[in-house]
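In this note's numbering, the protein residues as written are -17 to 243.
Report on one structure; see the data block that follows.
Right under this line is the structure:
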């Protein structure tokens, strides 16, 4: 009997190897960002890996804008006079090169593999930021946009972060009021007012808030930080929960300064 089990084990190992070889031949591994063929399943080629830029550590803790090392963590001059609603702002990557392409593929073509890889690679940093006691709230997307795409990208991002950290996710606690023009279609000035009344806590938020532990922090989660208006107004609504509110985005643009209305 023992000899039979050993033989079966060896056969199973050989079968697994054969399947893996066949899979490699039929579906050769490729870079998730540029589709270059890879020798293994790492997901990213050396060229794309070189172009992926982490958001710098020397930032204003309040708004997340890049600061000289001698000044960080701020606050920066803008936050001294016009601080955002959130207490802290963090971003994982610069919205550039392969990161930009991965997010566009995710949002426009429904291909999430590149964005998911970026979250998985950043897991150690995310675990330093987010505690299992924390609460993750995605920035609500307009219903019309979700009907077209079939996706709630900020909620998907929240789910990945929750899986990585053990934090709780509540996608219905923060709701969208009405339909506003897309932020990407507006000028900086229009962005500052477009979402001023776009977010609110759901009507029955009190029981959920009361169930939270005293050390719970609320995280507003979004895919891209551009001017900061979306996360600012979402955070302003979430403050009513009576917990510290922070912001985390997958990526952030560099060419615009944070603006609040």
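Each residue gets a CB set at the ideal place from its N, CA and C atoms; glycine is no exception.
Model, not experiment: these values are computed from the prediction.
Host alpha helix (DSSP H) of residue i (start-end)
i, result
"residue 110", "105 to 111"
"residue 20", "Premise fails: residue 20 is in no alpha helix (DSSP H) and is neither H nor E."
"residue 182", "No alpha helix (DSSP H) contains residue 182, which is instead part of the beta strand (DSSP E) from 181 to 183."
"residue 247", "Past the boundaries of the shown model lies residue 247; the chain is included only from -17 to 243, so the question cannot be answered."
"residue 218", "211 to 220"
"residue 189", "187 to 192"
"residue 11", "Unbroken run through residue 11: none, as it is neither H nor E."
"residue 29", "28 to 33"
"residue 132", "Premise fails: residue 132 is in no alpha helix (DSSP H) and is neither H nor E."
"residue 59", "59 to 63"
Whole-angstrom C-beta distance between residue j and residue i, which should lie under 8 Å
i, j, result
"residue 220", "residue 202", "6 Å"
"residue 69", "residue 226", "5 Å"
"residue 137", "residue 120", "4 Å"
Residue i, DSSP secondary structure in three states
i, result
"residue 244", "A question about residue 244 goes unanswered here, because the residues of the chain that appear run from -17 up to 243."
"residue 123", "coil"
"residue 228", "strand"
"residue 85", "helix"
"residue 97", "helix"
"residue 117", "strand"
"residue 52", "coil"
"residue 233", "strand"
First through last residue of the beta strand (DSSP E) which encompasses residue i
i, result
"residue 44", "Per DSSP, residue 44 belongs to no beta strand (DSSP E) and is neither H nor E."
"residue 206", "200 to 207"
"residue 156", "156 to 158"
Buried or exposed by the 16-neighbour rule on C-beta atoms within 10 Å, applied to residue i
i, result
"residue 206", "buried"
"residue 185", "exposed"
"residue 116", "buried"
"residue 204", "buried"
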